[in-house]
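**Q** Heads up: the sequence shown begins at 1 in the working numbering, then just goes up one per residue.
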Amino acid sequence: MRINIAFMVLVGPYTFVRRVFRLLFGRQKAYRIFLDAGLPSTMDFLGKLKVPKMARVWIEVRTRFAFEREVMRVVLRIRGKLFLDVGSGVGYYSALLSKNFESVMAFEPHPQTLEWLRLTIAAGRLLNVTTLDKAVSDIDGTTLLHIHKIGGRHSIDATFGGQALPVQAVKIDSIVNGKVDLVKVDVEGAEWRVIRGAEDSIIDGRILRWVIEVHDERDRQKFEYYLRQRKYETRWLGDRHLFATLAPIGNDGRLSGRGYQLMPSFKKNSRAGALRLDCLDAGDIFSLVPLPSSPANSRTLSAA
Numbered sequence: 001m002r003i004n005i006a007f008m009v010l011v012g013p014y015t016f017v018r019r020v021f022r023l024l025f026g027r028q029k030a031y032r033i034f035l036d037a038g039l040p041s042t043m044d045f046l047g048k049l050k051v052p053k054m055a056r057v058w059i060e061v062r063t064r065f066a067f068e069r070e071v072m073r074v075v076l077r078i079r080g081k082l083f084l085d086v087g088s089g090v091g092y093y094s095a096l097l098s099k100n101f102e103s104v105m106a107f108e109p110h111p112q113t114l115e116w117l118r119l120t121i122a123a124g125r126l127l128n129v130t131t132l133d134k135a136v137s138d139i140d141g142t143t144l145l146h147i148h149k150i151g152g153r154h155s156i157d158a159t160f161g162g163q164a165l166p167v168q169a170v171k172i173d174s175i176v177n178g179k180v181d182l183v184k185v186d187v188e189g190a191e192w193r194v195i196r197g198a199e200d201s202i203i204d205g206r207i208l209r210w211v212i213e214v215h216d217e218r219d220r221q222k223f224e225y226y227l228r229q230r231k232y233e234t235r236w237l238g239d240r241h242l243f244a245t246l247a248p249i250g251n252d253g254r255l256s257g258r259g260y261q262l263m264p265s266f267k268k269n270s271r272a273g274a275l276r277l278d279c280l281d282a283g284d285i286f287s288l289v290p291l292p293s294s295p296a297n298s299r300t301l302s303a304a
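1. So what does DSSP say about Leu237, is it helix, strand or coil?
2. Mind the definition here: the stretch 121-137 touches the stretch 98-108 only if three or more C-beta pairs lie below 8 Å; say whether that holds.
3. Assuming Gln47 is part of the beta strand (DSSP E), what are its boundary residues?
4. From what residue to what residue does the beta strand (DSSP E) around Pro166 run?
5. Measuring CA to CA, which of Glu68, Thr15 and Ala123 is closest to Pro52?
6. By the DSSP assignment, the beta strand (DSSP E) with Asp85 in it spans what residues?
7. Decide if Tyr232 is buried, meaning its Cβ has at least 16 other Cβ atoms within 10 Å, or exposed.
8. Where do the N-terminal and C-terminal ends of the alpha helix (DSSP H) with Leu119 fall, by residue?
9. Would you kindly report the start and end of the unbroken alpha helix (DSSP H) that includes Lys53?
10. Taking Leu132 as part of the beta strand (DSSP E), name the residues at either end of that continuous run.
11. Just the Cα atoms here: how many angstroms apart are Leu117 and Phe83?
12. Would you identify the three-state DSSP class for Glu108, choosing helix, strand or coil?
13. Identify, in the order they occur along the chain, each residue of the same chain with its Cβ nearer than 6 Å to the Cβ of Leu182, setting aside the five sequence neighbours on each side.
14. Could you give the first and the last residue of the continuous alpha helix (DSSP H) run that contains Glu199?
15. To which residues does DSSP link Arg209 through a beta bridge?
16. Among all the DSSP beta bridges, which residues are the ones paired with Ala146?
17. Comparing C-alpha positions only, which one of Val167, Arg228, Ile212 and Glu188 sits nearest to Gly205?
18. Where does Ala95 fall in DSSP's three states?
19. Tell me, please, which residues DSSP counts as bridged to Lys184.
20. Which of helix, strand or coil does DSSP assign to Ser103?
21. Can you list, in chain order, the residues of its chain whose CB lies under 6 Å from that of Val167, leaving out five sequence neighbours each side?
22. Just to confirm the assignment, what range does the alpha helix (DSSP H) spanning Glu191 have?
23. Taking 8 Å as the cut-off, does the stretch 16-36 touch the stretch 93-103 (at least 3 CB pairs, one atom from each stretch)?
24. Determine the DSSP secondary structure at Ala37, reduced to helix, strand or coil.
25. If we ignore side chains and look at the alpha-carbon of each, how far apart do Arg220 and Val214 end up?
26. Gly141 by DSSP, collapsed to three states: which one?
27. So what does DSSP say about Val11, is it helix, strand or coil?
28. For Val136, which beta-bridge partners are listed by DSSP?
Shown next as structure tokens:
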């Protein structure tokens, strides 16, 4: 209730003006106007009003009602033991999903953003959220974090110039021993580094779900193809977020929810019209045979 009052009194006028500017100038130009004015976010606006940092960040997190709405509709239904928030920022997802998971690990390498993240955790008394001042990558060691002039767009795989800050890096494979119910990735173009650092966990089936913000639209099909090869079912949440769920194969050889049975096959063209796709292990040929209740046609899968 107090958060809603604070929103109406402090943030309401700011968001109203921003919406008007978006209607008049378009989203990109309106954002540039507010950026040049030093007011690109709610937190910046509240800073101008001298609102204390902890209150500022908590209001920011708890009042972003329309933030990535398609993603939130899906992830709020997920519950489990462990959630990895890769590229946590100020902790929006960590805060909203803390009640859904027994443990949350929030990764944020930028020192100032990490401070905001820890204030979010403190303000919400989120005792099950652990913050790590590391960049998730494909190496364990040190890497460079390229600093963007817009906060929240820093990246270890940036194409823009400017200042670079040495930070500690860690692979998901180095920290994951058991099952991970959800991994959210928002790393401003370094998505492939995160994936490469999690290959063992992916192959072993330890990561059950991914939400990956794909920043380069040219990589969209590549990510889908990569994850589908590794037994994930994928769909897009909006135009940038790829949601992937591991499709478990039971002891009876059935692929969950699809009405198919996975059977070994050594004939690449065992029936006319068979479709051959690349998967994990080169040379392994499988037929996806429809179960009696499924009218679907047989398909042949080749693992690569």
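C-beta: ideal position from N, C-alpha, C; glycine also. Owing to the predicted nature of the structure, the values given are computational and were not obtained by experimental measurement.
**A** Reading off the structure:
1. strand
2. yes
3. The displayed chain sequence assigns Gly, not Gln, to residue 47. According to the DSSP assignment, Gly47 belongs to no beta strand (DSSP E) but to the alpha helix (DSSP H) extending over Thr42 to Lys48.
4. Ala164 to Val170
5. Ranking Glu68, Thr15 and Ala123 by Cα distance to Pro52 puts Ala123 first.
6. Gly80 to Val86
7. buried
8. Pro111 to Gly124
9. Start and end: Lys53 to Arg62.
10. Val129 to Leu132
11. Cα-Cα distance, rounded: 16 Å.
12. Glu108 carries a coil assignment under DSSP once its states are collapsed to helix, strand and coil.
13. Counting only Cβ-Cβ distances below 6 Å, and skipping sequence neighbours, we find Ile78, Phe83 and Arg209.
14. For Glu199, the enclosing alpha helix (DSSP H) begins and ends at Glu199 to Ile203.
15. Thr245
16. The residue asked about is misnamed: residue 146 is His in this sequence, not Ala. The partner list for His146 (beta bridge, DSSP) reads Ser155 and Ala164.
17. Arg228
18. helix
19. Beta-bridge partners assigned by DSSP to Lys184: Asp85 and Val211.
20. Residue state, collapsed to three classes: strand.
21. Pro109, Ala135 and Leu145
22. Glu191 to Arg196
23. no
24. coil
25. 7 Å
26. strand
27. helix
28. Beta-bridge pairing links Val136 to Val170.
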